[in-house]
Amino acid sequence: MIDTFYALATPPGSSALAVVRVSGPAVPSLIQDVFGRKPEEADFRKAVLGYYRSMGGEKVDQVLYAHFPAATSYTGRELLEISLHGNMFLVEQILEDLGCRGCRMADPGEFTRTAFLEGRMDLSQAEAVADLIEARSAAALEAAHRQLAGGLGKEIQSRVDELLAIRAHVEAFIDFPEEDLPDENQEGPIAEIDHTLRQLDSMLSTGRQRELLHRGVRTVLLGVVNAGKSSLLNQLLGEDRAIVSETEGTTRDYLQDVLQLGPYCIQIFDTAGFRKSTDVIELEGLRRTEKVAGGADFLLLVLDGSAPSPTLPDELLERMTPENSLLVWNKSDQADFAPDPEFLPNLPRVTISAKAGTGIHELREIWESRIRSELLEGAENRVLYNRRHIGHLQSCRDSLVRAREALVSGISTECVAPDLRDALDELGAIVGTIDNEDMLDVLFGDFCIGK
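Residue 451 is where the sequence shown ends in full-length UniProt numbering, and the numbering goes up by one at each step.
If you want it as structure tokens, here you go:
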């Protein structure tokens, strides 16, 4: 028996409006019992003004409700959306009343899980719903929209079609060994596998880009003491996030915050400045700086352009490349500002005054451009794969490599077919054509209750 379930679809708390969703076979009778509207009077997909009446007949609140029949609803089953005043006392009354009418509270992600089970979307589109809600930047939002629109599913289907053609070719030798078929060791299937492997490699390469878009590009401010890293952080954030002082070594531990850089989300870290020290606390701060820098996606090396060029740790210099670093000459407002053009000449550079705020716009433009060209090139037009997808794509690739090796070595085609079937199963797991209840529990368990 199919349950009818309900949940608050908006965040709890006082607000102008709250939305309660109900989905399941009992929705038509609920509309009749609660709003006094008979099924034959239904006005599908239109908002109707009415009073929500409890089982005792009392008016709970004047609401707008909309009935979506199964064929056109989000879940693929009868769906009712109730918009009421955003008072949690009213919300609780309605939720309690729905429970008394035989409905149950939805599990996390159950509305979207039902949509998947009813064929309204594939598994990758269901995941995109969560990505859409959690997106922290315009670029991440656009990537989620592409996936929700079915871009990932279409790309997977292309690989499935390729593998089905290869599998049909190979299995023909098994099913019709007496027929006059071409030589089993022909180059055709091998070339087709090579083509699919190249496509898979391209798909696998997007995993890193997706991670950067969704968690944010980790950017670390590095440099010697008193170079102005904390002043720059405050300029970038537009607030006094870090303590700024003429005293050297003010920053002992790293600070972390988030900012928007064009369409990208940036996790930015301000760190302790480099210098020789015997102070235990300062040494711990430097150790943490090295640890944070080791996990950085991008480095902003902030130096004082009015002071002699510093000696930097070898570990830092080895880590910095033209692709992942930008040299920021600070303190251009000083009369003795004269940065050394020969210092780290391979790094792109920009001149600023963190104190006066000059050059910050140019810094942001160059920084954004470097991230786009070096870390996220082409990401705005590609389907991006998450860790779960990458695992299945890699397993698919491994199976194809084994199949190719078997064909090259002349092993019987009966030994090749199982690897091709495994490869297809891995692709099917990405979009959900392969049943795996435990995996669905984990995936939808991370959703909010009302989605």
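Beta carbons: idealized from backbone N, C-alpha and C, even for Gly.
Residues that G86 bridges to, as DSSP identifies them: S15
Looking at the C-beta of R37, does it have a partner C-beta in chain D at a distance below 9 Å? This model lacks chain D altogether; it includes just one protein chain.
According to DSSP, what are the bridge partners of D61? Y52
For L344, three-class secondary structure by DSSP: coil
Alpha-carbon to alpha-carbon, L299 and V258: 15 Å
First and last residue of the uninterrupted alpha helix (DSSP H) at F269: F269: not part of any alpha helix (DSSP H); member of the beta strand (DSSP E) spanning 264-270, first to last residue.
For Y51, count neighbouring C-beta atoms within 10 Å of its own C-beta (all shown protein chains included) and say buried if the count is 16 or more, exposed if not. exposed
In the DSSP assignment, what residue or residues form a beta bridge with S23? F5, L79
From R421, C100, Q209, pick the residue whose C-alpha is nearest to that of L384; which is it? Q209
Those runs of the beta strand (DSSP E) which lie wholly inside the stretch 378-430 and span at least 3 residues: none
Within the continuous alpha helix (DSSP H) that includes R208, where are the two ends? 206-215
Report the CB separation of T206 from R382 in whole angstroms; it is logged as a contact under 8 Å. 6 Å
What does the alpha-carbon distance come out to for the pair V63 and D97? 15 Å
Who are the near neighbours of L90 in its chain, counting only those whose CB is closer than 7 Å to its CB and skipping five residues on each side? V60, D61, L84
Q260 - partner residues in DSSP beta bridges: C265
Separation of P69 from S124, as counted between CA atoms: 24 Å
Ends of the alpha helix (DSSP H) at N234? 229-237
Specify, as a first and last residue, the run of the beta strand (DSSP E) that D304 falls within. 298-304
Output the boundary residues of the alpha helix (DSSP H) element that contains T311. For T311, no alpha helix (DSSP H) segment is defined, and its DSSP state is neither H nor E.
CB of G363 within 9 Å of CB of N324, strictly: Sequence inspection shows Leu at residue 363; the Gly mentioned does not correspond to that position. No, these two residues do not count as a Cβ contact at 9 Å.
Pair within 9 Å by beta-carbon distance, L200 and L424: no
Assigned secondary structure, T114 (DSSP; H/G/I helix, E/B strand, else coil): helix
Give the secondary structure of R101 by DSSP, where H, G and I count as helix, E and B as strand, and everything else as coil. Annotated three-state conformation of R101 is coil, per DSSP.
CA-to-CA distance, P322 to N346, given in whole angstroms: 6 Å
If you follow the beta strand (DSSP E) that R349 is in, where does it begin and where does it stop? Membership of R349 in the beta strand (DSSP E) is indicated by the continuous run 349-351.
For Q235, is the classification buried or exposed, using 16 other Cβ atoms within 10 angstroms of its Cβ as the cut-off for buried? Q235 sits buried, since 16 or more C-beta atoms from the chains shown fall within 10 Å of its C-beta.
Thinking C-alpha only, which one of A417, L420, E78, L141 is nearest Y264? L141
In angstroms with no decimal places, state the Cα-to-Cα distance between N386 and F337. 46 Å
Can you tell me which of the three DSSP states F444 falls into? helix
Just to confirm the assignment, what range does the alpha helix (DSSP H) spanning S325 have? That residue, S325, is in no alpha helix (DSSP H); its beta strand (DSSP E) goes 325-330.
Which same chain residues, not among the five before or five after L148, have their C-beta less than 7 Å away from its C-beta? Q125, A128, V129, L132
Compare the beta carbon distance of D270 and K229 with 9 Å and say whether it is the shorter of the two. yes
Using the rule of at least 16 other Cβ atoms within 10 Å of the residue's Cβ for burial, across every protein chain shown, is M320 buried or exposed? buried
Return the bridge partner residues of residue 456 from the DSSP annotation. There is simply no residue 456 to check, as the chain begins at 1 and stops at 451 in what is shown.
Same chain, Cβ closer than 6 Å to T289, five either side skipped, listed in chain order: T271, A272
Mind checking whether A71 and L80 have CB atoms under 9 Å apart? no
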